[in-house]
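Whatever position you read off the sequence shown (first residue = 1), add 370 for our numbering.
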Amino acid sequence: MDQTRNFMLAGAVIVGLLFGAAAGFYTGQTRGLRLGNAAGYESGKQDGLAQAAAEADKKAEEEAKKAAETVNPFGEGTVNPLGEGYKNPFEETTVNPFK
């Protein structure tokens, strides 16, 4: 009877160790997944913030371009505020003060 009790005790210890190892493994896996998900969430949040900042920059650039086109509807180049026919008299003349 004493030997049977020892075998049962040894078997219970072995089964307990196996279940403890399985529970520890499961807990470690779930903790790792939880930490991995948290890190992935933070990384995704940072990516989302970077993407939102890039979209905001793009939108601001488009608005600035639109505002510039509103001021200058001809696109590139300069607009003469005095009209198309106005010519600056000092633009194409060379003045020599020592003459």
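No residue lacks a Cβ here, since even glycine has one placed at the ideal position from N, Cα and C. Only a predicted model underlies this, so the values are computations on that prediction, with no experimental measurement involved.
Helix or strand or just coil, what does DSSP make of phenylalanine 377?
-> helix
Glycine 386 to phenylalanine 377, Cα distance in whole Å?
-> 14 Å
DSSP three-state assignment for phenylalanine 395, whether helix, strand or coil = Residue state, collapsed to three classes: helix.
With DSSP run on the structure shown, which of helix, strand or coil describes phenylalanine 389?
-> helix
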